[in-house]
Structures are given as C-alpha cells and as structure tokens.
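Input: a single structure, listed below in structure tokens.
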C-alpha cells in the first residue's frame, strides 16, 4: 500500500504563481478552493490576499498581493517577501493549468482531513508539511 499524498507544495505554488501571472485564472478555482486547503501557511496567506483583492475588484498580481499581505503586520517579511512571490511566478507552469493544480491541492486537503478524523492513524505526525529547500543550478 502506498502512503497517501498529504501535501503537494509544488501544486500550491503553481496555483499561486499562475494566478499572479494571469489574475483572471482566480475564477478557475474561486468557488471551491479555500485558504484552508493550502498546507503551507505562507501559501494560505497569499491565497487569502488574492481573495481579499478579488472581493475589492482588484487583480491579484505580484505587487498588489504583496501590498495586501503587508497590511497584516510582519506577514510579508515572514513569508519571504517579494522574493518568494517572484519565485512562485518564475517557477509556475502556464496559467491555464491553475484549475488542475488546484484540484491536486484540494485532494491533498481532503486526504489530511480524512486522516485527522482517524485519531489512531499512524500518519498523523506526517500531517505537518516539511520545509522545502530549493536548489538552483547557476
């Protein structure tokens, strides 16, 4: 039996980067993808900022997302600032795939929720995402 996929950080990042590249793509996931579905806290913050901008009729591009997050104290600095947002954009797949990555994020969230309900599940310690390090070939 294979272990279930609990977090798909690359998919989370692709959703966010895709939306910042093409803010109209938020409409592809708006009605069913929730901030709580994101496993990484800073990705939740970014998505929350995107939703807040959308409610105001403002497109969720990199500058406006950063500005929205900065309104909430030190969150922008804690999440990696403009640099992290730039990485999301640079590493993103083409924006038409946002809804497919969003579905992967949702499936992982549903798996975590199911496992959380099973209190004796041995996978419970794995429900916290591991830090991800990036390496670049220069």
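Residue numbers (this note's numbering): 31 to 168. For every residue, glycine included, the Cβ atom is placed at its ideal position computed from N, Cα and C. This structure is a prediction, so every number in the text was calculated from the model and none was measured.
Alpha carbon of residue i to alpha carbon of residue j, nearest angstrom
i: residue 76; j: residue 35; result: 22 Å
i: residue 118; j: residue 65; result: 17 Å
i: residue 61; j: residue 132; result: 11 Å
i: residue 72; j: residue 106; result: 9 Å
i: residue 30; j: residue 57; result: Nothing in the structure corresponds to residue 30, since the chain is present only between 31 and 168.
i: residue 145; j: residue 40; result: 21 Å
Exposure of residue i, with buried meaning 16 or more beta-carbon neighbours within 10 Å
i: residue 121; result: exposed
i: residue 55; result: buried
i: residue 45; result: buried
i: residue 168; result: In this prediction, residue 168 scores a pLDDT of 38, lower than 50, which makes its location untrustworthy; the coordinate-derived value is nonetheless stated afterwards. With fewer than 16 Cβ atoms within 10 Å of its Cβ, residue 168 is classed as exposed.
i: residue 38; result: buried
Best match in the options for proximity to residue i [C-alpha to C-alpha]
i: residue 129; options: 33, 85, 42; result: 42
i: residue 139; options: 127, 70, 57, 58; result: 70
Residue i - containing alpha helix (DSSP H), residue span
i: residue 135; result: 128–147
i: residue 64; result: That residue, residue 64, is in no alpha helix (DSSP H); it is neither H nor E in DSSP.
i: residue 80; result: 71–85
Under 8 Å: do the stretch 44–53 and the stretch 84–100 share three or more Cβ pairs, one atom per stretch? Touching, per the Cβ criterion.
Segment contact, 8 Å Cβ cut-off, at least three pairs: the stretch 112–120 with the stretch 79–90: no
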